[in-house]
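What follows is a single structure, written as structure tokens, with notes after it.
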Amino acid sequence: MDGRRRRSIKEGFDLGVGFFGFFTAAFCVITLVYEILRQDALGWALGTLVLGLVTAAIWWSRQAVLRRMDRAVSEIEQDR
Amino acid sequence: MTTVAGPTTAAAERPVFDDRAASRVRARRRRAAGSSVRTGIQAALIVIWCLLPAYWMLITGFRRSDTVYETTLLPTTPTFDNFIQAFNPARNQLGRALLNSFGIGVLVTVIALVVGVSAAYAIARLNFPGKGLIMGAVLGASMFPGVALLTPLFSLFTQLNWQGSYQSLIIPYIAGALPLTVWTLNSFFREMPWELEEAARIDGCTAAQAFRIVILPLAAPAVFTTAILAFIGSWNEYLLASVLSNTQTQTVTVAIGNFVGSQPREIPYATTMAAGSVVTIPLIILVLIFQRRIVAGLTAGGVKG
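As given, the protein sequences belong to chains H and C, one line each in that order. By full-length UniProt numbering, the letter at position 26 of the first sequence is numbered 26, and the numbering carries on one by one without gaps. By full-length UniProt numbering, the letter at position 51 of the second sequence is numbered 51, and the numbering carries on one by one without gaps.
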């Protein structure tokens with residue numbers, strides 16, 4: 001497997017994690033501020049949860065894809 | 001018995017072939033001419049579509065206030081009164097607002113470029129973990145809706161006693177310009193050949209020297225493009241400026257929005273249009289000066305070799 005291809009796939013996943021991670025952090029801060037100000041923060045908290053799950057899912061997919069790619073590379077090398 | 005085609009037969013066939021080839025060439029030329037005419041008409045339509053509002057703004061600026069609703073292509077009684085009124089300090093603050101916009105725009109552009117160029121270069125060239133995460137976060141920051149930041153920024157700057165100050169405009173504008181700067185320049189730096197930098201390092205340059213002497217001059221088209229985009233973004237911004245500035249620090253967009261007419265409740269359309277035309281001029285000059293560099297910068301990084 002080409003190293004450049006691996007890097008580009010990794011960067012794509014990292015981009016997604018960074019993007020959703022940013023919004024997760026922003027929503028988390030908003031939730032905390034709402035809680036401190038004793039306002040209704042349920043919507044923001046649920047938003048944070050959903051975004052956090054999406055970020056975690058992308059991170060998990062990234063690890064799985066990279067692991068599968070590495071395994072395929074090592075199998076090809078063993079066959080040689 | 002075999003028949004051999006003599007020179008007479010070949011000579012008889014050649015004119016037929018030549019006629020066909022010539023007619024094919026003529027047809028191709030006709031098609032090319034038709035295609036260029038079509039392209040010209042399409043380009044003219046697009047240009048008219050884009051320039052018509054600007055043209056209407058310009059000629060409305062020259063109309064008298066009692067003939068502002070005229071629909072003629074040229075003003076029947078042209079006047080410069082609206083331009084004079086726009087700069088009348090007793091009624092409108094356009095002169096000061098122009099200076100404010102220009103100063104804020106230049107500062108925002110310079111700071112965004114200094115920080116953005118360094119950040120984009122580091123992300124494109126240096127190897128460190130989490131580069132993609134940073135770019136994703138920058139992308140997320142650029143997509144954050146400005147209107148959602150309005151109230152928190154107002155509250156923050158009021159607590160800091162910055163309400164109506166220049167820094168209350170400059171700091172959010174830089175935050176808005178930085179993602180654009182980093183993304184544009186990052187894609188450009190990634191496409192630049194590494195060998196140039198390596199050659200400079202072999203010749204004895206430090207990393208900073210290689211960046212300053214070799215990479216930065218080559219990146220000039222992209223830097224200029226980004227500078228123009230950052231300046232235009234700052235120049236045209238209205239939402240934050242309408243809330244975070246006062247009469248001393250307001251930018252042109254806010255000043256034009258606050259124009260007052262000669263009569264109570266009169267909306268000064270003609271003066272507004274005249275001011276709009278004046279405000280467009282610096283942008284046109286900037287774009288005309290840097291046109292070639294902008295085109296080079298926009299197309300650079302788009303094709304992978």
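We treat Cβ as the ideally placed atom computed from N, Cα and C, and that holds for glycine. In this text, all values refer to a predicted model and were calculated from it rather than measured experimentally.
Residue-chain proximity (residue i, chain C), Cβ-Cβ < 9 angstroms
| i | result |
| --- | --- |
| D27/H | Reading off the sequence, residue 27/H comes out as Phe, not Asp. It does not; no Cβ of chain C falls within 9 angstroms. |
| G21/H | yes |
Residue i burial status per 10 Å Cβ neighbour count (16 or more: buried)
| i | result |
| --- | --- |
| G305/C | At G305/C, the pLDDT of 41 sits below 50, so the modelled position is not reliable and the matter cannot be decided from this model. |
| W235/C | buried |
| F259/C | buried |
| S168/C | buried |
| R31/C | exposed |
| T24/H | buried |
| P172/C | buried |
| A177/C | buried |
| M135/C | buried |
| D40/H | exposed |
| V117/C | buried |
| E197/C | buried |
| I104/C | buried |
| S36/C | exposed |
| G6/C | Caution is warranted here: a pLDDT of 49 is assigned to G6/C, below 50, making its placement in the model unreliable, and no coordinate value can be reported. |
| I228/C | buried |
Neighbourhood of residue i by C-beta distance below 6 angstroms, restricted to the same chain and skipping five residues each side
| i | result |
| --- | --- |
| N186/C | A120, I123 and A124 |
| I174/C | V108, I111 and A112 |
| A45/H | T31 |
| Q85/C | T271 |
| L94/C | A86, F87, A255 and A275 |
| N82/C | G61, A270, T271 and A274 |
| V279/C | V252 |
| C28/H | T48 |
| P179/C | V138, A141 and S142 |
Min CB distance residue i to chain H below 9 angstroms
| i | result |
| --- | --- |
| G95/C | no |
| G305/C | Unreliable positioning characterises G305/C in this predicted model, as indicated by a pLDDT of 41, which lies under 50. The coordinate reading is nonetheless provided below. With 9 angstroms as the cut-off, G305/C does not count as an interface residue toward chain H. |
Contacts around residue i, its chain only, beta-carbon distance under 8 angstroms, and the 5 residues preceding and following it disregarded
| i | result |
| --- | --- |
| T67/C | P75, T76 and T77 |
| G257/C | Y238 and S242 |
| V254/C | A97, Y238, A241, S242 and S245 |
| M1/C | For M1/C, the predicted structure reports a pLDDT of 44, less than 50, and the residue's modelled location is therefore unreliable. A value from the coordinates is still provided. Excluding sequence neighbours, M1/C sits near nothing in its chain. |
| S61/H | F13 |
7 angstroms CB neighbourhood of residue i in its chain, flanking five on each side removed
| i | result |
| --- | --- |
| L98/C | V252 |
| E101/C | Note that residue 101/C is Ser in the sequence shown here, rather than Glu. Only W235, T251 and V252 meet the Cβ criterion. |
(message) Please identify, using Cβ separations under 9 angstroms, the residues of the region 2-17 of chain H that lie next to chain C, in order along the chain.
(response) Along the region 2-17 of chain H, going in chain order, the ones with a CB nearer than 9 angstroms to a CB of chain C are K10, E11, G12, F13, D14, L15, G16 and V17.
(request) Note down, in chain order, all residues in the region 134-151 of chain C with a beta-carbon under 9 angstroms from any beta-carbon belonging to chain H. (result) If the cut-off is 9 angstroms between Cβ atoms, the region 134-151 of chain C has I134, M135, G136, A137, V138, L139, G140, A141, M143 and F144 near chain H.
(request) For the region 46-67 of chain C, enumerate the residues whose C-beta is nearer than 9 angstroms to any C-beta of chain H, in chain order. (result) Within the region 46-67 of chain C, no residue places its CB atom closer than 9 angstroms to a CB of chain H.
(message) Short of 8 angstroms Cβ to Cβ, which residues in the region 100-132 of chain C face chain H?
(response) Result list: G130, K131 and G132.
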